[in-house]
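Chemist:
2 protein chains.
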Amino acid sequence: MSVLVMKFGGTSVATLDRIRRAAKRVGVEVAKGHDVIVIVSAMAGETNKLVGFVDETSPLYDAREYDAVVSSGENVTAGLMALTLQEMDIPARSWQGWQVPVRTTSAHSAARIEEIEPDNIRAKFAEGMKVAVVAGFQGVSPEGRITTLGRGGSDTTAVAFAAAFGAVRCDIYTDVDGVYTTDPRIADKARKLDQIAFEEMLELASLGAKVLQTRSVELAMRYGVKLRVLSSFEEQSDDAGTLVCPEEDVMENRPVSGIAHSRDEAKMTLISVADRPGIAAAIFLPLSEAGVNVDMIVQNISEDGRTDMTFSCPIDQVKRADKALMEAKERGDLNFHDLVADTDVAKVSAVGIGMRSQSGVAAKMFKTLSDENINIKVIATSEIKISVLIDRKYMELAVQALHDAFELEKAG
Amino acid sequence: MSVLVMKFGGTSVATLDRIRRAAKRVGVEVAKGHDVIVIVSAMAGETNKLVGFVDETSPLYDAREYDAVVSSGENVTAGLMALTLQEMDIPARSWQGWQVPVRTTSAHSAARIEEIEPDNIRAKFAEGMKVAVVAGFQGVSPEGRITTLGRGGSDTTAVAFAAAFGAVRCDIYTDVDGVYTTDPRIADKARKLDQIAFEEMLELASLGAKVLQTRSVELAMRYGVKLRVLSSFEEQSDDAGTLVCPEEDVMENRPVSGIAHSRDEAKMTLISVADRPGIAAAIFLPLSEAGVNVDMIVQNISEDGRTDMTFSCPIDQVKRADKALMEAKERGDLNFHDLVADTDVAKVSAVGIGMRSQSGVAAKMFKTLSDENINIKVIATSEIKISVLIDRKYMELAVQALHDAFELEKAG
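Those sequence lines, one after another, are chains A and B.
For the first sequence, the working numbering assigns the number 38 to the initial residue and increments by one for each residue that follows.
For the second sequence, the working numbering assigns the number 38 to the initial residue and increments by one for each residue that follows.
Put into structure tokens, the structure is as follows:
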């Protein structure tokens with residue numbers, strides 16, 4: 038029997054009515070003959086409430102207790118979803134992480150799934166159960182304690198189940214109807230993509246498109262799980278939403294698939310650093326130790342043995358980066374004239390697997406921005422991505438201009 | 038090391054502030070050198086919210102899913118209590134029922150504890166942990182599914198842990214400061230008892246004094262667990278509250294320890310029943326099959342081979358009783374002239390282990406009621422209890438008069 042995995046996020050199960058609507062979608066797939074594994078999040082707002090309780094109780098909390106408290110929201114939804122399906126005469130039961138079990142590492146609040154035992158659920162499918170409802174976002178550690186996978190972890194739970202059961206597909210139901218060429222709130226010409234390659238989705242996810250959790254895309258890519266993103270608020274056909282799939286299955290052939298953006302960036306510049314071997318390590322080692330996620334790095338041309346070094350990092354890590362670098366200077370590990378932070382920047386990126394085979398994408402991107410008189414502060418590239426750091430006030434303009442330039446409103 | 042069990046009910050952990058107050062009480066006991074097992078209920082209101090979700094989702098719910106949903110409230114409190122204790126530098130961790138494990142029967146929503154494995158928690162105490170916080174009201178079935186013990190089940194969890202760990206005492210923290218000679222809302226002379234025998238507490242509990250769940254008292258009696266009821270809202274000394282203990286440990290020596298009352302009674306009379314052998318069975322078998330809890334029974338003097346038969350039952354079971362008896366009549370199993378229900382009655386009871394050795398208690402009770410012109414409709418007695426059914430409007434008066442007559446305002 039073919040297994041289908043369906044995941045419903047917090048907004049899709051926010052009320053009993055919405056749980057009923059989600060259950061109807063599950064019923065449609067059961068009627069098609071699938072054995073269905075449904076992964077549920079907590080009802081919208083519940084997890085935040087529980088996290089608030091923990092934060093108020095213990096600012097530097099024991100992550101094991103945090104996990105025990107916060108995981109309870111998913112348990113409630115799982116039971117309610119099973120009851121709703123039973124009311125529709127669909128044989129269903131709920132599973133909590135420890136019951137499956139979903140075995141994870143002991144890294145509480147950020148655990149990784151190590152193994153999902155399918156035998157228990159498979160035996161129930163063999164007995165006639167049609168739907169296994171599993172509480173997402175949680176598992177059990179080798180010590181027998183409850184773990185959580187971190188925010189957005191239910192996507193990862195869903196993909197891991199799809200891999201463990203060899204599912205035909207993993208459908209992620211959410212409050213948007215798919216992955217767009219760019220943020221529709223910025224560019225009204227934004228177009229929903231029917232397909233996107235894993236690699237592109239990974240870049241988009243890590244660049245700030247919040248449709249799927251990065252880790253779930255990585256996992257889907259590694260295990261070849263067909264991932265579909267679609268809306269739980271619309272009637273759905275078989276080809277609704279966006280299919281995230283291997284590169285070779287993508288039909289469209291264009292250099293750029295999407296334009297991503299991120300407001301949460303800051304640019305930091307070390308002015309007049311001694312340009313000597315080992316200087317990069319002297320800068321980035323203390324930053325790494327302080328937990329700063331450095332993204333883009335640019336080194337200026339050296340002059341008189343000194344240079345300027347610029348990097349970008351998340352805006353909420355600026356203070357931490359400043360402290361780490363000033364301490365390194367005081368210790369004498371690092372010599373620079375000044376440290377300047379620019380928090381009025383944004384990152385805009387063009388992403389596409391087509392870049393591998395088509396040249397001129399970077400040139401076109403830079404020309405487009407230049408035509409709009411947008412100054413590029415930092416550039417970073419990967420095989421399938423070009424990112425630029427620009428003044429934040431030009432972010433929307435840049436996204437719209439690039440969307441137009443690469444004609445993303447047209448299907449490829 | 039001596040183990041102390043402390044149980045906090047829903048109102049005692051209703052907010053984070055109250056959880057902190059409860060944790061302080063735990064800290065006092067830890068400072069005395071006890072290893073403490075804390076049993077917690079869900080934060081007041083949470084269980085009702087979850088039950089409401091289940092009822093709205095599925096009126097005839099699968100009790101296994103009900104248990105999975107409803108047990109989550111206790112899990113939240115357990116984690117928050119452990120975090121609060123940790124903030125006070127007291128080594129603590131939480132346990133959910135399946136983690137201990139608390140093994141129960143498979144009777145979902147009304148499961149009975151079969152075994153508590155103490156080794157897991159004992160090992161942690163040996164490693165230096167001072168407090169084990171356990172989610173009350175829940176366990177795990179032989180099939181590995183979550184069970185609940187039914188309403189008030191956290192008291193039972195507490196007593197079962199005290200028995201399993203050979204605890205020095207089981208302290209039940211609640212919103213009243215002990216067991217009273219009668220309901221203080223009815224008789225302002227009501228006095229808190231320092232001690233009460235298990236047998237008396239059992240009678241009082243089943244007669245409507247809602248301080249302790251009946252099953253928890255039974256369990257404490259069977260395993261010789263010293264049970265103390267005290268308030269979580271007052272500063273407490275070592276001899277605060279009421280100690281529920283074996284009969285031989287009770288210091289007071291008086292015929293009556295308390296006056297109980299219950300409004301939720303109804304009297305039903307079968308008029309002109311054929312008085313023949315087997316008639317009682319013909320009446321009470323169908324009632325039992327219909328799930329009617331018959332309490333008191335009185336048969337009038339027979340006349341011309343016919344008699345009247347009166348019994349009492351909970352007021353919400355009157356319709357069910359009526360239906361069962363009318364059906365028995367239609368089937369020809371039973372012959373009676375009429376069936377009359379009186380729902381304006383109340384039950385008042387005098388309870389005391391002293392009755393065993395002191396005579397004249399019943400006579401004094403009947404005389405007291407007679408002096409107040411209160412008519413007795415039905416009488417029932419046990420070794421340590423005399424109950425009467427009277428018109429409901431006289432209930433408060435009867436309680437006050439009996440409280441005065443037996444001088445319960447004075448310590449024995």
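Note that CB positions come from ideal geometry on N, CA and C, so glycine has one too.
No experiment lies behind these values; they were computed from the predicted model shown.
CA-CA distance, alanine 199(B) and proline 155(B)?
Modeler: If you draw a straight line from the Cα of alanine 199(B) to the Cα of proline 155(B), it is about 11 Å long.
Chemist: Looking at the strands, I want to know which residues DSSP matches up with threonine 185(A).
Modeler: Answer is Gln175(A).
Chemist: So alanine 148(B) and serine 178(B) are in contact, right, with Cβ under 8 Å, and what is the actual spacing, rounded?
Modeler: 7 Å
Chemist: Would you verify that the beta carbon of glutamate 121(B) is, or is not, closer than 9 Å to some beta carbon of chain A?
Modeler: The amino acid at residue 121(B) is misidentified as glutamate; the sequence shows threonine. It does; some Cβ of chain A falls within 9 Å.
Chemist: Counting only beta-carbon separations shorter than 9 Å, does phenylalanine 235(B) have a partner in chain A?
Modeler: no
Chemist: Below 8 Å CB to CB, which residues in the same chain sit around isoleucine 382(A) once its five sequence neighbours on both sides are set aside?
Modeler: With the sequence shown as reference, residue 382(A) is identified as valine, and isoleucine is not the correct amino acid for it. Excluding residues within five positions, the ones whose Cβ falls inside 8 Å are Glu302, Ala303, Lys304, Ser349, Lys414, Leu426, Ile427, Asp428, Arg429.
Chemist: Compile a chain-ordered list of the residues in the stretch 79 to 103 of chain A whose CB is closer than 8 Å to at least one CB of chain B.
Modeler: Leu87, Phe90, Val91, Glu93, Thr94, Ser95, Tyr98, Asp99, Arg101, Glu102, Tyr103
Chemist: Buried or exposed: where does threonine 380(A) fall if 16 or more other Cβ atoms within 10 Å of its Cβ makes it buried?
Modeler: exposed
Chemist: How many angstroms separate the CA atom of valine 75(B) from the CA atom of valine 168(B)?
Modeler: 7 Å
Chemist: Could you check whether methionine 43(B) and arginine 62(B) sit closer than 9 Å to each other, using their CB atoms as the reference points?
Modeler: yes
Chemist: Starting from the Cα of lysine 86(B), find the closest Cα among Met238(B), Lys69(B), Val106(B) and give me that residue.
Modeler: For the residues Met238(B), Lys69(B), Val106(B), the minimum Cα distance to lysine 86(B) belongs to Val106(B).
Chemist: Please compile the residues from chain B whose C-beta is within a distance smaller than 7 Å of the C-beta of glutamate 152(A).
Modeler: By Cβ distance, chain B contributes nothing, its closest Cβ being about 18 Å from glutamate 152(A), past 7 Å.
Chemist: Using a Cβ-Cβ cut-off of 9 Å, state whether glycine 110(A) counts as contacting chain B.
Modeler: yes
Chemist: Of the residues that make up the stretch 281 to 312 of chain A, which ones have a beta carbon closer than 7 Å to any beta carbon in chain B?
Modeler: none
Chemist: Tell me which same chain residues have a C-beta within less than 8 Å of the C-beta of valine 388(A), skipping the five on either side of it?
Modeler: Here valine 388(A) has Glu237, Glu240, Leu241, Leu244, Val293, Ser294, Gly295, Ile296, Ala297, Ile421, Lys422 as same chain residues with Cβ atoms under 8 Å from its own Cβ, once five neighbours each way along the sequence are excluded.
Chemist: Could you tell me the alpha carbon to alpha carbon distance between glutamate 446(A) and glycine 261(A), rounded to whole angstroms?
Modeler: 29 Å
Chemist: If distances are taken between C-alpha atoms only, which option among Arg130(A), Trp135(A), Gly176(A), Leu120(A) comes closest to threonine 142(A)?
Modeler: Gly176(A)
Chemist: From what residue to what residue does the alpha helix (DSSP H) around lysine 61(B) run?
Modeler: 53 to 68
Chemist: Could you please give me the residues that DSSP links to isoleucine 334(A) through a beta bridge?
Modeler: Phe348(A)
Chemist: If you reduce the DSSP assignment to three classes, tell me which class glycine 397(B) lands in.
Modeler: coil
Chemist: Between which two residues does the beta strand (DSSP E) harbouring lysine 422(A) extend?
Modeler: 422 to 428
Chemist: Flag arginine 182(A) as yes if its beta-carbon sits less than 9 Å from any beta-carbon of chain B, otherwise no.
Modeler: yes
Chemist: Between which two residues does the alpha helix (DSSP H) carrying methionine 118(A) extend?
Modeler: 109 to 124
Chemist: Measuring only the C-alpha atoms, how far is glycine 187(A) from aspartate 208(A)?
Modeler: So the alpha carbons of these two residues sit roughly 20 Å apart.
Chemist: Residues of the stretch 124 to 149 of chain A in Cβ contact with chain B at a cutoff of 8 Å, in chain order, please.
Modeler: Glu124, Arg130, Ser131, Gln133, Trp135, Gln136
Chemist: Along the chain, where does the beta strand (DSSP E) that runs through glutamine 133(A) open and close?
Modeler: Unbroken run through glutamine 133(A): none, as it is neither H nor E.
Chemist: Aspartate 454(B): buried (16+ other C-beta within 10 angstroms of its C-beta) or exposed?
Modeler: Nothing can be reported for residue 454(B), as the shown portion of chain B is limited to 38 through 449.
Chemist: According to DSSP, simplified to helix, strand and coil, what is leucine 97(B)?
Modeler: In the three-state DSSP reduction, leucine 97(B) falls in the coil class, being neither helix nor strand.
Chemist: I want to verify the contact list: residues of chain A whose CB lies under 7 Å from the CB of arginine 116(B), in sequence order.
Modeler: For clarity, residue 116(B) is glycine in the given sequence; the question names arginine instead. Within 7 Å Cβ-Cβ: Glu102, Ala105, Val106.
Chemist: Compare the C-beta of valine 77(B) against all C-beta atoms of chain A and say whether one is closer than 9 Å.
Modeler: Chain A contact via Cβ: absent.
Chemist: Shorter than 9 Å from the beta carbon of isoleucine 56(A) to some beta carbon of chain B?
Modeler: yes
Chemist: What separation, rounded to the nearest whole angstrom, lies between the Cα atoms of serine 269(B) and serine 191(B)?
Modeler: Distance between the alpha carbons of serine 269(B) and serine 191(B): 16 Å.
Chemist: With phenylalanine 45(A) as the anchor, note down where its beta strand (DSSP E) starts and where it stops.
Modeler: 40 to 45
Chemist: Considering only their Cβ atoms, is the gap separating leucine 439(B) from valine 385(B) smaller than 9 Å?
Modeler: yes
Chemist: Could you give the C-beta distance for valine 281(A) and valine 254(A), rounded to a whole number, given that I count them as a contact under 8 Å?
Modeler: 7 Å
Chemist: Could you round the C-beta distance between valine 171(A) and alanine 115(A) to whole angstroms and report it? I think they count as a contact, below 8 Å.
Modeler: Valine 171(A) to alanine 115(A), Cβ: 7 Å. Contact.
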